[in-house]
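Residue numbers (the working numbering): 2 to 579. All C-beta atoms, glycine included, are put in the ideal place defined by N, C-alpha and C. Report on the structure given below.
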């Protein structure tokens with residue numbers, strides 16, 4: 002028999018008295034409440050994002066950005082994601098060792114001896130171990146040890162063989178003996194012919210040797226044997242090409258080109274990503290579980306979107322379809338549009354510098370007068386101040402604020418002149434006479450077009466008539482952008498290769514080349530700057546501005562001084578949290 006609420010028997014004291022009644026009433030109330038409308042179901046949790054989209058200008062044409070044909074900004078951006086090496090550059094273009102892959106150690110200064118150690122459990126994305134064989138192959142590519150080619154004035158081979166067609170030419174100061182391998186300790190040893198300032202920028206790891214061999218139609222064993230036994234090339238006595246090296250070089254030069262039928266599974270990387278999909282304008286990357294290095298990303302995936310030009314890249318940002326991008330030199334309107342759209346915009350200096358470089362035929366008194374006439378402080382504020390108010394006049398031929406503390410150390414005591422004008426000093430240098438300075442510049446470049454008329458008005462106060470050189474004239478000076486390198490060695494080499502130098506500049510550069518301690522390299526670079534400034538070789542003016550943008554809530558994105566580089570340390574990036 003079932004009892005209703007009114008049929009509950011009267012309890013006795015022995016059973017707990019009133020407490021029993023209260024308990025039953027509560028239970029009955031709960032039963033009745035169960036007959037009412039159900040509580041609304043909880044809202045499903047929002048799915049957290051695990052990937053980001055990075056926007057890059059250009060097209061993906063090759064997975065070998067180190068080759069002459071693959072050396073494009075878009076390919077380099079992809080390489081920065083996929084190709085892990087024993088070092089990388091940070092946002093200030095300084096070398097950061099990759100101690101998650103191995104170690105590079107200067108064992109001895111003279112003769113310069115450098116060891117390369119690889120950790121034994123690192124693997125390529127296809128599961129093949131990363132070994133000394135890969136480093137040995139990378140040395141063969143970058144050293145040009147086997148080349149015996151002779152070149153004409155245009156850089157074309159006229160005799161002999163150039164095997165690996167690298168984007169960067171062989172550096173004559175980077176010659177080494179053939180590497181020595183210590184397989185028991187996973188170490189490769191290089192001994193340089195002479196001390197070399199840039200030894201810590203030779204990272205060796207390149208395309209996977211097993212993939213190159215397969216695409217070349219040769220065995221890995223035969224390729225390694227050729228590298229270890231083929232004679233060093235001699236342009237004075239060229240010989241028939243080594244067939245195994247030639248096949249490998251051809252595969253390296255062209256075998257990594259991207260086409261409509263490129264199989265994502267065939268893209269083998271050393272970094273923490275694998276390629277999951279390739280389309281005409283996107284590259285889909287997925288995090289790989291087999292990666293054991295120090296750059297394991299917090300993101301599970303990354304999409305690289307390619308745009309035909311910068312305008313399309315900016316439009317995609319404004320539409321909110323790109324999370325991270327290096328957008329280069331912003332103007333005020335573009336900067337406001339991006340910040341209004343909710344993006345974080347990091348603005349800073351780049352390594353590309355604008356310099357007025359005098360010709361060797363330009364008289365020394367005119368060079369001195371032109372240098373003294375310029376009000377570089379006001380020029381920089383006029384040209385850069387609206388976007389980068391803290392910009393200062395460039396104070397070095399060899400570097401820019403893009404290199405951070407290195408630049409600060411360099412310009413301390415490097416002989417740079419003041420940043421304001423000295424009109425009286427300029428007039429005195431000319432003997433209060435008049436002079437004409439014919440300047441060549443790119444009138445289609447927006448910044449150069451802003452700078453040139455200011456040079457005209459400033460120089461006029463000192464009696465110098467600055468005018469644009471015609472196409473048929475030999476200019477007295479050139480206003481040109483210089484893509485300064487992060488390496489003081491390379492930028493010094495490039496700067497003394499054009500225009501006028503100081504009396505001892507080349508001797509100082511020869512000394513710099515042989516330094517292997519960064520402190521000594523810096524000290525010698527200061528002397529080179531002093532030599533160029535003392536000779537009035539030119540006037541460093543300013544550096545191009547860069548900008549890195551990231552969407553609201555995106556974390557870990559830092560600025561890069563590379564004008565078109567991928568923002569560094571993608572492994573620190575994180576998506577917005579809802």
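Run through DSSP, which three-state label would residue i get?
i, result
"residue 165", "coil"
"residue 265", "helix"
"residue 475", "coil"
"residue 181", "strand"
"residue 420", "coil"
"residue 545", "strand"
"residue 509", "helix"
"residue 563", "coil"
"residue 35", "For residue 35, the predicted model reports a pLDDT of 47, less than 50, meaning its position is unreliable; a value from the coordinates is still stated below. Correct three-state label for residue 35: coil."
"residue 144", "helix"
"residue 319", "helix"
"residue 295", "coil"
"residue 116", "strand"
"residue 457", "helix"
"residue 524", "helix"
"residue 452", "helix"
"residue 390", "coil"
"residue 258", "strand"
"residue 240", "coil"
"residue 351", "strand"
To which residues of the same chain is residue i closer than 6 angstroms at the C-beta, ignoring the five residues directly before and after it?
i, result
"residue 435", "464"
"residue 576", "50 and 53"
"residue 78", "57 and 567"
"residue 593", "With the chain represented from 2 up to 579, any question about residue 593 goes unanswered, as that position is not in the structure."
"residue 126", "269, 270, 275 and 289"
"residue 505", "532"
Identify the continuous alpha helix (DSSP H) that holds residue i and give its terminal residues.
i, result
"residue 244", "244 to 255"
"residue 73", "Note, residue 73: premise wrong, no alpha helix (DSSP H); not H, not E."
"residue 377", "377 to 385"
"residue 228", "221 to 230"
"residue 590", "Nothing can be reported for residue 590, as the shown portion of the chain is limited to 2 through 579."
"residue 210", "210 to 217"
"residue 372", "365 to 374"
Give me whichever residues DSSP pairs with residue i in a beta bridge.
i, result
"residue 398", "Answer is none; residue 398 lacks a bridge partner."
"residue 278", "285"
"residue 439", "468"
"residue 358", "479 and 539"
"residue 497", "Residue 497 is not bridged to any residue."
"residue 556", "575"
"residue 414", "The partner list for residue 414 (beta bridge, DSSP) is empty, contrary to what the question assumes."
"residue 152", "158"
"residue 550", "326 and 346"
"residue 270", "Per DSSP, none; premise fails for residue 270."
"residue 193", "177"
"residue 188", "118 and 183"
"residue 124", "130"
How many whole angstroms separate the CB atoms of residue i and residue j, which I take to be in contact at a CB cut-off of 8 angstroms?
i, j, result
"residue 119", "residue 132", "7 angstroms"
"residue 489", "residue 449", "That belief does not hold up - the Cβ atoms of residue 489 and residue 449 are roughly 26 angstroms apart, past 8 angstroms."
"residue 168", "residue 72", "4 angstroms"
"residue 74", "residue 60", "With a Cβ gap of about 10 angstroms, residue 74 and residue 60 do not count as contacting."
"residue 282", "residue 311", "Contact doesn't hold; Cβ gap of about 15 angstroms is too wide."
"residue 197", "residue 175", "5 angstroms"
"residue 493", "residue 94", "Not confirmed; about 15 angstroms, so no contact."
"residue 459", "residue 375", "5 angstroms"
"residue 555", "residue 324", "5 angstroms"
"residue 415", "residue 257", "Rounded, the Cβ-Cβ distance is 42 angstroms, inconsistent with contact."
The beta strand (DSSP E) with residue i in it runs from where to where?
i, result
"residue 578", "Unbroken run through residue 578: none, as it is neither H nor E."
"residue 580", "Absent from the model: residue 580. The displayed extent of the chain is 2 to 579, so no value can be given."
"residue 308", "302 to 308"
"residue 53", "52 to 58"
"residue 89", "88 to 90"
"residue 108", "103 to 110"
"residue 487", "Neither: residue 487 is in no beta strand (DSSP E) and is coded neither H nor E."
"residue 98", "96 to 98"
Near residue i, which residues of its chain fall below 7 angstroms by C-beta distance, leaving aside the five closest residues on each side in sequence?
i, result
"residue 549", "327, 347, 558, 560, 561 and 568"
"residue 178", "192"
Got a sec? Which residues, its chain only, sit under 8 angstroms from residue i by beta carbon, not counting five neighbours each side?
i, result
"residue 468", "437, 438, 439, 440 and 457"
"residue 221", "134, 210, 211 and 214"
"residue 362", "475 and 477"
For chain B, is any of its Cβ atoms less than 8 angstroms away from the one on residue i?
i, result
"residue 407", "Among the protein chains of the structure shown there is no chain B, as only one such chain exists."
Is there at least one non-hydrogen atom of the ligand GTP closer than 7 angstroms to the beta-carbon of residue i?
i, result
"residue 463", "With respect to the ligand GTP, the structure offers nothing, as it holds no ligand at all."
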